[in-house]
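Student: My questions will all concern the structure given below.
Number of protein chains: 2
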Amino acid sequence: MTEKQELILVTALRLFAEKGFDTTPTSLIAKEAGVSEGLIFRHFTNKDGLMDAIVAMSEERLSANAERILQLSNPIDQIHATLELPVKLFQEEREFWMLQFSLKWQKKYKNQTYTPSPAHLKVIQALTDGFRALGYAQPEQEVKILMMLLDGFSHQLALSPSPEYIETTLAFLKSKYPN
Amino acid sequence: MTEKQELILVTALRLFAEKGFDTTPTSLIAKEAGVSEGLIFRHFTNKDGLMDAIVAMSEERLSANAERILQLSNPIDQIHATLELPVKLFQEEREFWMLQFSLKWQKKYKNQTYTPSPAHLKVIQALTDGFRALGYAQPEQEVKILMMLLDGFSHQLALSPSPEYIETTLAFLKSKYPN
DNA sequence: AAGTTTTGTAAGTGATTACTCACTTTCATT
DNA sequence: AATGAAAGTGAGTAATCACTTACAAAACTT
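Chains as they are written, first to last, in my numbering: chain A, 1 to 179; chain B, 1 to 179.
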């Protein structure tokens, strides 16, 4: 990975997040990255290849976060860490995750039967076990709800990232576990 | 609203939902609708105007559903009806609502400070009152959570609309209210 | 230092696309 | 039936875009 290669990636990420994939011309990416347009195609074959390279990074980052959650021994800690995840992600790399979420609704990635990553599945399993250990009657369903809350919370964070909102909402969400 | 005008609208809706706004050429809309391409611009000025016309329909449909919820007298019924809303919407007009949800992530509608519709605000208020009447300590926060669940649930419905999944999940969600 | 591979550039190019325009047809009103 | 407005057509067109290609510079290998 050369210096310019990485420059192209971070520039494309920023522009895709700002303007969307389809409305960001490769010429603009090249211009903002300060490289020739041809270089993009030399390194990433085509525009889709560029997007694929960006998406590939997301798997790594999610794995790292999943590992962190799995290492917590207390189930309640795991649940709370899961709830904190969106806040954490958006604070650290807002545009990157905005792009990830918006991708879920794009045709290209919508139809290729969405398969959760191994890391994701491991967290699901750990949370299910956790809910069971805590005495919840339907642990699988509880995890589903938790995942929905995660989705919805991320959505809210993406649209209105006011700090007070985040703090009070997160605190209230946590207060629901255990119940 | 002439016959062809409506044909253009429903065709554009379908294609935008299937392929996305940016990747659907007006020439294809015209072809599939069986009209000349020029007619699109005669009636809707430009491609954005076409999208605006589609979005305008969503406000009406949401209002109708909001009214239905508001007419329920029992707060629990209101909450349950709210939870049923995504299922209802997706069953009736799947592609229309898929498009609506994907729009939330598109630049054009993302930045223009998202303002909830009057109907939406009225439902929020009614739900808040409902939670208070049911003795919940923090009704505003409860409504926030309910809205997150709605978002997350819609998301799940959009990605994997298996009937069993829908039924059991909806039942479990409802069982959480009242608690 | 010579040779080879990799990285990088600049100037295209063909295809696509949103939109226009000159024109015709349909329709409502008198 | 005449007229004016609205609906509808279809053949452009200028601009944009993803991608190619011929070539040069840099870096790595021996």
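A virtual CB, placed ideally from N, CA and C, is assigned to each residue, including glycine.
Owing to the predicted nature of the structure, the values given are computational and were not obtained by experimental measurement.
Name the residues in the segment 125 to 148 of chain B whose C-beta lies less than 8 Å from a C-beta of chain A; which are they?
Tutor: If the cut-off is 8 Å between Cβ atoms, the segment 125 to 148 of chain B has Gln-138, Gln-141, Lys-144, Ile-145, Met-147, Met-148 near chain A.
Student: Answer yes or no: does any C-beta atom of chain A fall closer than 8 Å to that of Phe-96(B)?
Tutor: Not an interface residue.
Student: Residues in its own chain within less than 6 Å of Lys-4(A) by CB, not counting five upstream and five downstream?
Tutor: Taken in chain order, the residues that qualify are Val-35.
Student: Is Leu-15(A) close to chain B, meaning its C-beta is less than 8 Å from at least one C-beta of that chain?
Tutor: Not an interface residue.
Student: If I'm right that Ala-53(B) touches Phe-44(B) with Cβ under 8 Å, what's the distance once you round it to whole angstroms?
Tutor: About 6 Å separates the two Cβ atoms, so the contact holds.
Student: Quick check: what's the CA-CA separation for Glu-60(B) versus Ala-66(B)?
Tutor: Cα-Cα distance, rounded: 10 Å.
Student: So within the segment 79 to 144 of chain A, which uninterrupted alpha helix (DSSP H) runs reach at least 4 residues, ignoring any that extend past its ends?
Tutor: With a minimum length of 4 residues, the continuous alpha helix (DSSP H) runs that stay inside the segment 79 to 144 of chain A are 107 to 111, 118 to 133.
Student: Considering only their Cβ atoms, is the gap separating Thr-23(A) from Lys-47(A) smaller than 8 Å?
Tutor: Against a cut-off of 8 Å, the Cβ pair of Thr-23(A) and Lys-47(A) comes out as no contact.
Student: For Phe-16(A), which residues from the same chain have a beta carbon less than 8 Å from its beta carbon, with the 5 sequence-adjacent residues on both sides left out?
Tutor: Only Thr-24, Met-51, Ile-54, Leu-99 meet the Cβ criterion.
Student: Between Thr-11(A) and chain B, is there a C-beta pair that is closer than 8 Å?
Tutor: So, not an interface residue.
Student: Within 10 angstroms of the Cβ of Val-143(A), are there 16 or more other Cβ atoms? Answer buried if so, exposed if not.
Tutor: Buried, since its Cβ has 16 or more Cβ neighbours within 10 Å.
Student: When you compare the CB positions of Ala-30(B) and Leu-7(B), do they come within less than 8 Å of one another, or not?
Tutor: Going by C-beta atoms, Ala-30(B) is not nearer than 8 Å to Leu-7(B).
Student: Between which two residues does the alpha helix (DSSP H) holding Thr-26(B) run?
Tutor: Start and end: 26 to 33.
Student: Could you tell me whether any Cβ in chain A is nearer than 8 Å to the Cβ of His-155(B)?
Tutor: Yes, contact with chain A.
Student: Find the nearest neighbour of Ser-175(B) within the set Glu-18(B), Pro-118(B), Gly-38(B), Glu-84(B), judged by alpha-carbon distance.
Tutor: For the residues Glu-18(B), Pro-118(B), Gly-38(B), Glu-84(B), the minimum Cα distance to Ser-175(B) belongs to Glu-84(B).
Student: Report the option in Phe-21(B), Met-1(B), Leu-9(B) whose CA atom is closest to the CA atom of Ser-102(B).
Tutor: Considering only alpha carbons, the answer is Phe-21(B).
Student: Around the Cβ of Ser-154(A), are there at least 16 other Cβ atoms within 10 angstroms (buried) or fewer (exposed)?
Tutor: Buried, because 16 or more other Cβ atoms sit within 10 Å of the Cβ of Ser-154(A).
Student: To the nearest whole angstrom, what separates the beta carbons of Met-148(B) and Leu-157(A), a pair I think is in contact under 8 Å?
Tutor: Wrong, their Cβ atoms sit about 10 Å apart, outside the cutoff.
Student: Go ahead and pull the three-state DSSP assignment for Ser-58(B).
Tutor: In the structure shown, Ser-58(B) sits in a helix (DSSP, three-state: H, G or I).
Student: Pairs of beta-carbons, one from the segment 116 to 133 of chain A and one from the segment 71 to 80 of chain A, closer than 8 Å: are there three or more?
Tutor: Yes, the segment 116 to 133 of chain A is in contact with the segment 71 to 80 of chain A.
Student: Count the other CB atoms, across all protein chains shown, that sit within 10 Å of the CB of Pro-86(B); report buried if there are 16 or more and exposed otherwise.
Tutor: The residue is buried, with at least 16 neighbouring Cβ atoms inside 10 Å.
Student: Could you give the first and the last residue of the continuous alpha helix (DSSP H) run that contains Lys-176(A)?
Tutor: Looking at the DSSP string, Lys-176(A) is not in any alpha helix (DSSP H), and its letter there is neither H nor E.
Student: Alpha carbon to alpha carbon, what distance is there between Leu-127(A) and Ser-73(A)?
Tutor: Cα to Cα, the separation comes out at about 11 Å.
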